[in-house]
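Before any comments, here is the structure.
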Amino acid sequence: MTLLCCPVCQEELTQTSNKKSFECANKHMFDKAKQGYVNLLLSHQKKSKHPGDTVEMVNARTAFLNQGYYQPILNSFIDIALQNQPYDTSQPGILSYLDIACGEGYYTAGIHSALCNSFPMASPKLRSYGIDISTPAIKAATRRHKEITWLVGSAYQLPFPALSLDLASCLFCRVDYTEANRVLKPGGLFIVATTGVKHLIELREKIYDSLKPDTTTEDLTEVAGLTKVKEVRITAPATIEDQSMISNLLLMTPHYWRCSPSAQKQLSQQNQLSVTIDINFTVFKKNESLETAKCRNPNDSL
Ligand SMILES: C[S@@+](CC[C@H](N)C(=O)[O-])C[C@H]1O[C@@H](n2cnc3c(N)ncnc32)[C@H](O)[C@@H]1O
Ligand SMILES: [Zn+2]
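To convert, count from 1 in the sequence shown and add 8; that's the working numbering.
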């Protein structure tokens, strides 16, 4: 059983008996790739032939994240998810989590494992999904965790029914709050991560003549039916002592495309770079109406 719905007609998608495809009641069919992911992105949802992160960007991100430089971000994300669980983990049932714009799955896999390990015995099962518009990213994600359902799809038209998820996240990508709110259950949580003003400031100082003033003044307390319940800022130092990892870091950020070729070259010749990690996590809760709360069947997925 999955929670997926057909991107064409929104009917429920079920696995075919040979488990090789998903199909809806209207016979729209989506095959699983050999790596195990499913492509639910329709051609009209693409703005280019190969949307999202490229193979080079995905490989750079995987290589950099595998070195553990961003482990403090993952640890904070896990702490936040564990401290704010919107469900009763002592009850059996099925919990559902979606990572929107999951990239190559470092955080998705990390949070999935941490949540599963935190549940007491005979408590809920966690069903996790990662979705990204980039096929290379999702191919790489399939190598991070086999139990997670990996999907190529759009953050703006999530192939999930309304009110179907307990927990969602979106890290370092433009957020569609209305769409996230639609798929969350009442009381469900949405964790958003954005970069802070000091994030990688040392790298930015090296590649730009001057830094733009910070214009990220957006302070959302209520957005599209979601209410901010917590904000956490984490800062940590990181020293990168490897030329190739410095290049990988640049390649996985938007600065790669913005900076001049000479700045790129100069940075790639550096053997060591100390940077600041500065990340803001914002936790939103979907407004819970009394009616829905009362109607919830404890035997249903939570
Ligand atoms: C900066 S990366 C972050 C990836 C991942 N969340 C992480 O932190 O490692 C942004 C990701 O958003 C994806 N993306 C961009 N536009 C998207 C969209 N409309 N729908 C889904 N994913 C999208 C890109 O392909 C890329 O993998
Ligand atoms: Zn259909």
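C-beta atoms are modelled at their ideal positions from N, C-alpha and C, and glycine is treated no differently.
Since we're looking at a predicted model, the values are computed, not measured.
Query	Result
Out of S297, E296, N295 and V291, state which residue places its alpha-carbon closest to the alpha-carbon of D87.	V291
Determine the extent of the alpha helix (DSSP H) in which A117 is found, giving its start and end residues.	Y114 to S126
Give every residue of the same chain whose Cβ lies closer than 8 angstroms to the Cβ of A149, excluding the five residues on either side of it in the sequence, and list them in chain order.	Y45, C110, G111, E112, G113, T116, A117, G138, D140, I156 and W158
How many Å lie between V283 and V66 at the Cα?	21 angstroms
Go ahead and pull the three-state DSSP assignment for N279.	coil
Helix, strand or coil: how does DSSP classify E210 here?	helix
List in chain order: all unbroken beta strand (DSSP E) runs of 3+ residues lying wholly within the stretch 148 to 232.	157 to 160, 173 to 179 and 192 to 203
Does the structure place the stretch 91 to 107 close enough to the stretch 241 to 260 that three or more beta carbon pairs sit under 8 angstroms?	no
CB of C398 to nearest heavy atom of ligand 1: below 6 angstroms?	Beyond the ends of the chain as shown, which are 9 and 310, falls residue 398; an answer cannot be given.
For the alpha helix (DSSP H) that contains T70, what are its first and last residues?	V63 to N74
Determine, using beta-carbon pairs with one atom in the stretch 55 to 62 and one in the stretch 29 to 40, whether at least three such pairs fall under 8 angstroms.	no
Among residues of its own chain, excluding the 5 on either side of T203, which ones have a beta-carbon nearer than 8 angstroms to its beta-carbon?	F180, D286, I287 and N288
My guess is that L281 and I248 are in contact by the Cβ rule of under 8 angstroms, so how many angstroms apart are they, rounded?	5 angstroms
On the three-pair Cβ rule with 8 angstroms, is the stretch 186 to 195 touching the stretch 163 to 171?	yes
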